[in-house]
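Colleague: Protein chains in written order, with the working numbering: chain H, 714 to 1006; chain P, 714 to 1006.
Beta carbons: idealized from backbone N, C-alpha and C, even for Gly.
This is the structure, below, for whatever I ask next.
There are 2 protein chains.
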Amino acid sequence: MSSPTAVRRVLLAGGTHGNEWIGAWLVRKWQHDARSIQRQGFDTAVLLANPPAVERGVRYLDQDLNRSFDDPRADGASWEERRAREILEDFGAGGRTPVDVVLDLHTTTANMGLSYIITNLDPFNLRMAAWVARREPGLRVYAWIDETLPKSALSTIVPRGATIEVGPTANNVVRGDLLLGTERVVGHCLDFIEASARDDWTPQPEKLEVFMHLRSYDYPRDASGAVTAFVHPKLQDADYQPLGPGDPIFQSLDGETLFYEGEAPVYPVFVNEAAYYEKAIAFSVTRREILWV
Amino acid sequence: MSSPTAVRRVLLAGGTHGNEWIGAWLVRKWQHDARSIQRQGFDTAVLLANPPAVERGVRYLDQDLNRSFDDPRADGASWEERRAREILEDFGAGGRTPVDVVLDLHTTTANMGLSYIITNLDPFNLRMAAWVARREPGLRVYAWIDETLPKSALSTIVPRGATIEVGPTANNVVRGDLLLGTERVVGHCLDFIEASARDDWTPQPEKLEVFMHLRSYDYPRDASGAVTAFVHPKLQDADYQPLGPGDPIFQSLDGETLFYEGEAPVYPVFVNEAAYYEKAIAFSVTRREILWV
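Following this line, the structure appears as structure tokens:
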């Protein structure tokens, strides 16, 4: 383990984006009845991260809360910056009730199934990912390590944790299959933390498939910034499927097809995520790696 | 034909709901290049119905524009009521450039595929539906005749027309397959209108499968109105599939399953549509009928 610190408190967060209802609903469930998230050896706190955004069914009020944890100011002009500071003062390393692990629950409009996003390669995180992947066939592990998420996401306020990202789903609905899948993944994580804290815990090295972030691609746009092409039907829903030169990626409104020209094979993720039009991301690409963890 | 009036002008509307992008994108395309929607014998106008809602990526600003056409006031308090009046004064029966047929383009988060919604059984509408269904395998015709839509939807400002409803898709994205499908359906409608205006047009009676609206069901809610159960995974995505007594319809957060108890067989539509949580509709049910049209 990278950190010898025992896990004393875990934070389960939902509603970080107010239009992603599965996390918000699970937080509501656990606030009412915490039995399913209780384990031996540590406490589990639950947090509805952005209540007014959940109330209004919008991703955020002023700015993306999940890009706001890189040194937010308590007197910041945006609600989410102030809220990020509050959360840090409650649960961050120097906070009132600091946590050791954060699991943050999200949904996506992309066909990412059950995805487990890590933002560093801390051995604790890799071993937890492997534990969950072994128990949840089909779960994919995506290491989103770039200039943005690892510094500013809620799951990164401490080194240990993950973002659980499930899709495809529209915003402002609850899909039962994905809610139940999210609940299973959280349960596996809590089981891992409980098991790893036991004195007789002797982890055996095992293989883990990890999709390592490479870069993102924007939509074609005109001079005014308006998007002029849609994701090609052959790339739509093809998250985690191999993509290579000559494969179609966009189709313009007047019928022109655009093709991928980069390195290969890569594996796209977040294909046509609704919230990323404004972030200039039509899809990201990853490299598939097998790690011993 | 119920109406002997020749079709002189057709209105193609998109962006009636500002977060349903396929219609808005097609309107933008046609405003730039109208060749694909031009036919002999009539004019085709295009309308971005709710521009500020499209700009903000929201369904509406003040109220649902597609429930606002039942005698809206020009000095109404809501933007959409005033906008509905403007549209009527432009394109309604007594307007400046009245239209004879309205096609309004929508998307849904429900698994409705390519759906063709009519709000009356006008023979022109049924024959146009049959023409399109014959050319677009998989298209479903839904007759939504209840106390709401037939009076207040944009497609009902004149007796002839349809709402084209495609899904499943998240809001605020463009799925290429559904955009291309919508474009094909619009093309078939325009072809029908062109063909039906010819002097030598002699329609032959044919069968048409129509899903006739029966009623809608709300989500289970607590005393405060909060939804307490999600659509059961077996009903999710099961639009137009037979539903009968004993079939699961909801699952509560604490694991209880609720079952359908009504008449059978019925065929659900709009299962888990994001915009209908606020309208108290978890799904609607229809009766399948075969009409000679």
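Between Pro933 of chain P and the rest of its own chain, which residues show a CB-CB distance below 8 Å, the 5 nearest in sequence each way excluded?
Modeller: Val940, Thr941, Ala942, Phe963, Ser965 and Leu971.
Colleague: Can you tell me which of H:Arg769, H:Gln776 and H:Asp813 puts its alpha carbon nearest to the alpha carbon of Arg795 of chain H?
Modeller: H:Gln776
Colleague: Check whether the region 880-892 of chain H touches the region 795-814 of chain H, counting contact only when three or more Cβ pairs, one atom from each stretch, lie closer than 8 Å.
Modeller: no
Colleague: Just checking Ala883 of chain P against the ligand MN - is the residue's beta carbon closer than 7 Å to any of the ligand's heavy atoms?
Modeller: With respect to the ligand MN, the structure shown offers nothing to examine, as it has no ligands at all.
Colleague: If we count the other Cβ atoms within 10 Å of its Cβ and call it buried at 16 or more, is His730 of chain H buried or exposed?
Modeller: buried
Colleague: Interface residues of chain P around Trp738 of chain H at Cβ under 7 Å?
Modeller: Leu966
Colleague: Check the DSSP bridge columns for Pro981 of chain H and list the partner residues they point to.
Modeller: H:Val998
Colleague: Any beta-carbon of chain H closer than 8 Å to the one on Lys742 of chain P?
Modeller: It does: the Cβ of Lys742 of chain P has a partner Cβ on chain H nearer than 8 Å.
Colleague: How close, in whole Å, do the beta carbons of Leu921 of chain P and Ala993 of chain P come, if the pair is a contact with beta carbons under 8 Å?
Modeller: Not a contact, Cβ separation roughly 31 Å.
Colleague: Show which residues of chain H have a CB atom less than 8 Å away from the CB atom of Phe883 of chain P.
Modeller: This sequence places Ala at residue 883 of chain P; Phe is not what is there. By Cβ distance, chain H contributes Thr822, Pro881, Thr882, Ala883, Asn884 and Ala987.
Colleague: Give, in chain order, every residue of the region 890-910 of chain P whose Cβ lies closer than 8 Å to some Cβ of chain H.
Modeller: Asp890, Leu892 and Leu893
Colleague: Taking only three categories from DSSP, how would you classify Leu834 of chain H?
Modeller: coil
Colleague: Give the DSSP-derived three-state secondary structure of Leu903 of chain P in the structure shown.
Modeller: helix
Colleague: Roughly how many angstroms lie between the CA atoms of Met714 of chain P and Phe837 of chain P, to the nearest whole one?
Modeller: Per-residue confidence for Met714 of chain P stands at a pLDDT of 42, beneath the threshold of 50, marking its modelled position as unreliable; the derived number appears in the next sentence. Distance between the alpha carbons of Met714 of chain P and Phe837 of chain P: 6 Å.
Colleague: Does Val720 of chain P come within less than 8 Å of chain H when only Cβ atoms are used?
Modeller: So no, Val720 of chain P is outside the interface.
Colleague: Classify Ala938 of chain P as buried or exposed, calling it buried when 16 or more other Cβ atoms lie within 10 Å of its own Cβ.
Modeller: Sequence check: residue 938 of chain P is Gly here, not Ala. Exposed, since its Cβ has fewer than 16 Cβ neighbours within 10 Å.
Colleague: For the region 758-820 of chain P, list the alpha helix (DSSP H) runs that are entirely contained and at least 4 residues long, ordered along the chain.
Modeller: Correct list: 764-769 and 792-804.
Colleague: Taking Ile735 of chain P as the reference, which of P:Thr757, P:Gly770 and P:Val984 has the closest Cα?
Modeller: P:Gly770
Colleague: Using a C-beta cutoff of 8 Å, does Met714 of chain H count as contacting chain P?
Modeller: Any reading at Met714 of chain H must be qualified, since the residue scores a pLDDT of 42, below 50, and its modelled position is unreliable; the value itself is stated next. Judged by the 8 Å Cβ criterion, Met714 of chain H is not in contact with chain P.
Colleague: Grab the span of the alpha helix (DSSP H) containing Ser929 of chain P for me, first residue to last.
Modeller: Counting along the chain, Ser929 of chain P falls outside any alpha helix (DSSP H), though it belongs to the beta strand (DSSP E) covering Lys920 to Tyr930.
Colleague: Give the single residue among P:Leu778, P:Asp803, P:Asp813 and P:Glu986 whose Cα lies nearest to the Cα of Asp931 of chain P.
Modeller: P:Glu986
Colleague: Beta carbon of Thr821 of chain H, beta carbon of Glu878 of chain H: below 8 Å?
Modeller: yes
Colleague: Exposed or buried, which one is Glu793 of chain P when buried takes at least 16 other CB atoms within 10 Å?
Modeller: Glu793 of chain P comes out buried.
Colleague: My understanding is that Leu725 of chain P touches Val759 of chain P, with C-beta atoms under 8 Å, so please give their C-beta distance in whole angstroms.
Modeller: 5 Å
Colleague: Please look up how many angstroms separate the CB atoms of Val812 of chain P and Val723 of chain P, rounded, as I've assumed it's under 8 Å.
Modeller: 6 Å
Colleague: What residues match up with Tyr829 of chain H in a beta bridge as DSSP calls it?
Modeller: H:Val854 and H:Ile877
Colleague: 8 Å is my cut-off, CB to CB: does Phe943 of chain P come that close to chain H?
Modeller: yes
Colleague: Using a Cβ-Cβ distance under 8 Å, would Asp756 of chain P count as near chain H?
Modeller: no
Colleague: Measuring alpha carbon to alpha carbon, tell me which of P:Glu1002, P:Leu818, P:Ile906 and P:Pro881 ends up nearest Asn763 of chain P.
Modeller: P:Leu818
Colleague: For Leu948 of chain H versus Pro981 of chain H, is the C-beta distance shorter than 8 Å?
Modeller: yes
Colleague: Is the beta carbon of Leu903 of chain H less than 8 Å from the beta carbon of Arg752 of chain H?
Modeller: Going by C-beta atoms, Leu903 of chain H is nearer than 8 Å to Arg752 of chain H.
Colleague: Going by the CB atoms, is the gap between Gly728 of chain P and Val815 of chain P shorter than 8 Å?
Modeller: No Cβ-Cβ contact shorter than 8 Å links Val815 of chain P with Gly728 of chain P.
Colleague: So that I know if they touch, is there some Cβ in chain P lying closer than 8 Å to that of Pro946 of chain H?
Modeller: yes
Colleague: Going by DSSP in three states, Ile962 of chain H sits in which element: helix, strand or coil?
Modeller: strand
Colleague: Specify, as a first and last residue, the run of the beta strand (DSSP E) that Val944 of chain H falls within.
Modeller: Element bounds for Val944 of chain H: Ala942 to Val944.
Colleague: Please state whether the Cβ-Cβ distance between Ser865 of chain P and Ser781 of chain P is less than 8 Å.
Modeller: yes
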